[in-house]
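Working notes, beginning with the structure itself.
Residue numbers (UniProt numbering): 1 to 167.
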């Protein structure tokens, strides 16, 4: 019985939409394509909306939430390995980490190992990199407030930003 459950289930139409944990199920709120109203058109709009949301996330820093293009300097991958200059600098300060998730956990107190691409931005800005380097990969005296990233919904602030009206 467990072996049967472990096998990937393919939808009736062979579209692979009933695969547990697939991005499609995430986009549809855990429902199959057949159960969604107006199946084809509604699903296409939902996927387009999720794609737009993920494009917005790709332009933001994972650690401070600011637009990456506003920061001068290179962008760094949250889940990546340390580049050689960063590794050298951190080793000089006594940090033995070899991957960014370890450094981010120690400096910013945020566990990025379970990040999902549909919820969390994949990059961080050069300013946050500087904070990590200054802390030596061990500690941080930074006042950086790491945003709480939430799944996309109809009130998503990244896709539908609130406009402040001055009176």
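Don't be surprised by glycine CBs; every beta carbon is placed ideally from N, CA and C.
query = So what does DSSP say about residue 71, is it helix, strand or coil?
reply = coil
Limits of the unbroken alpha helix (DSSP H) element including residue 133 = 126-134
query = Taking DSSP as the reference, what is the three-state secondary structure of residue 90?
reply = Correct three-state label for residue 90: helix.
ask   = Can you give the Cα-Cα distance for residue 81 and residue 87, rounded to whole angstroms?
value = Straight-line spacing of the CA atoms in residue 81 and residue 87 works out to 9 Å.
query = residue 148 lies in the alpha helix (DSSP H); which residues open and close that run?
reply = Unbroken run through residue 148: none, as it is neither H nor E.
query = If you drop the 5 nearest sequence neighbours on each side, which residues of the same chain put their C-beta closer than 7 Å to that of residue 149?
reply = 119 and 120
task = Measure the C-alpha to C-alpha separation of residue 123 and residue 60 and round it to an integer number of angstroms.
result = 7 Å
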